[in-house]
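What follows is a set of notes on a single structure, which appears directly below.
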Amino acid sequence: MLSSVRYIHNKGIIHRDLKLENFLFSNMDNNSELKMIDFGLSKHFTFGEVHHDAVGTPYTVAPEVIRGNYDERCDVWAIGVITYLLLSGEPPFGGCGGPETLIQVRDNILRGAFEFEPADVWEDVSQEAKDFIKSLLVVDPVERPTARQAKESEWLKMWSKKENGGRVSSINPNVVKALVGFKEYSDMRKLLCEVLSFTLLPEQIQDLRREFEKYDQEGTGEITLSTLKKVLIGNASTGSLGGLSEDEVEDIFNAMRVRKGETSIHWHDFIAAGLSQCQVDDRNLRLAFERLDPQRNGFITFDNVSESVQSASDSSLLCAHDFLYSGFDGERNV
1 MLSSVRYIHN KGIIHRDLKL ENFLFSNMDN NSELKMIDFG LSKHFTFGEV HHDAVGTPYT
61 VAPEVIRGNY DERCDVWAIG VITYLLLSGE PPFGGCGGPE TLIQVRDNIL RGAFEFEPAD
121 VWEDVSQEAK DFIKSLLVVD PVERPTARQA KESEWLKMWS KKENGGRVSS INPNVVKALV
181 GFKEYSDMRK LLCEVLSFTL LPEQIQDLRR EFEKYDQEGT GEITLSTLKK VLIGNASTGS
241 LGGLSEDEVE DIFNAMRVRK GETSIHWHDF IAAGLSQCQV DDRNLRLAFE RLDPQRNGFI
301 TFDNVSESVQ SASDSSLLCA HDFLYSGFDG ERNV
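Counting from 1, one number per residue, gives the positions in the sequence shown under the UniProt record's numbering.
Encoded structure:
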């Protein structure tokens with residue numbers, strides 16, 4: 001949950017209505033990913049910007065939202081409320097079907113008045129978990145951690161170590177080979193791989209998603225060059241691939257940035273580069289073709305391809321031009 005909050009905040013989006021109901025599992029599997037939903041009250045923001053409109057749900061709304069003077073840290077408060085609810089079955093301030101009136105709930109929130117009660121429910125909950133909740137449910141938002149800071153809590157680190165068994169997850173050598181091979185692709189082929197990446201179903205990319213999380217060590221939803229070097233140089237040398245030099249990793253990084261104006265690798269860039277590890281079927285090919293043929297003409301024009309790489313490098317456009325003109329007798333469509 002915090003990872004998703006941190007991600008949208010990095011993208012300049014404040015949710016403003018986080019609650020337990022707005023997090024859903026994508027499927028029924030035990031290791032299913034959790035997704036944030038319902039952006040109906042969300043809003044773009046710039047850091048330091050203050051908002052005044054009244055929004056939110058009574059049991060998770062932050063005190064500064066009630067006062068009408070808030071920023072993105074209201075989402076962090078909501079995560080504190082949700083954590084309390086998950087560990088006890090009840091919200092800390094009421095307002096979720098309990099006996100409290102809305103006025104009482106509002107007063108509790110404004111005062112930050114909550115207890116870890118009843119004792120029999122909380123006696124088996126660690127002090128680290130309680131400290132985590134306390135840190136998020138601080139009435140003064142200036143004293144409240146950001147989503148990034150909250151992710152560094154001792155409690156979450158403890159659980160991360162337990163899930164990994166105290167071991168650092170090794171990267172999949174087949175995915176590394178796919179990334180190495182991707183840098184040899186033409187710009188046009190890279191573009192087509194990226195288009196295909198948007199057509200894949202969750203079950204087709206679940207292994208790559210887990211692999212992406214190993215590379216995204218900061219939990220930002222993006223991979224920087226320094227992080228890629230750390231992961232590939234530190235891990236590839238211990239596997240069957242042998243060592244990778246810094247120059248080779250930089251080549252891989254530059255190849256994965258289909259749109260050269262970007263300074264980091266995004267999720268779909270990674271999927272495009274690792275596409276050989278996915279089971280692509282006819283449905284994916286049809287949907288990819290339709291993305292490049294939005295007018296449903298039954299063919300792809302040079303203009304269609306140009307529009308899809310409008311922020312890409314000039315070399316990408318040149319390769320698109322070469323692709324459409326070579327082998328097709330000068331026709332401007334495929």
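Just so it is clear, CB atoms sit at the ideal spot from N, CA and C, and this is done for glycine as well.
Taking the C-beta atoms as reference points, residue 228 is found no nearer than 7 Å to residue 244. Annotation: residue 250 to residue 225 spans about 7 Å, alpha carbon to alpha carbon.
DSSP lists 34 as the bridge partner or partners of residue 25. A residue is called buried when at least 16 other Cβ atoms come within 10 angstroms of its Cβ; residue 129 meets this threshold and is buried. For residue 152, the secondary structure class from DSSP, reduced to helix, strand or coil, is coil. In this structure, 16 is the residue among 218, 205, 265, 16 with its C-alpha nearest to the C-alpha of residue 52. If only complete runs of 4 or more residues are kept, the stretch 249–285 shows the alpha helix (DSSP H) at 267–273, in order along the chain. Following the DSSP letters along the chain, one finds residue 204 inside the alpha helix (DSSP H) bounded by residues 202–215. Put simply, of 151, 280, 234, 218 the residue whose alpha carbon is nearest the alpha carbon of residue 199 is 280.
Contact between residue 214 and residue 171 holds: CB atoms are separated by about 5 Å, below the 8 Å threshold.
Counting along the chain, residue 173 sits inside the alpha helix (DSSP H) bounded by residues 173–182. Between residue 304 and residue 292, the CB-CB gap stays under 7 Å. Residue 91 counts as buried, since at least 16 other C-beta atoms from the protein chains shown sit within 10 angstroms of its C-beta.
Between residue 136 and residue 80, the C-beta spacing is below 7 Å.
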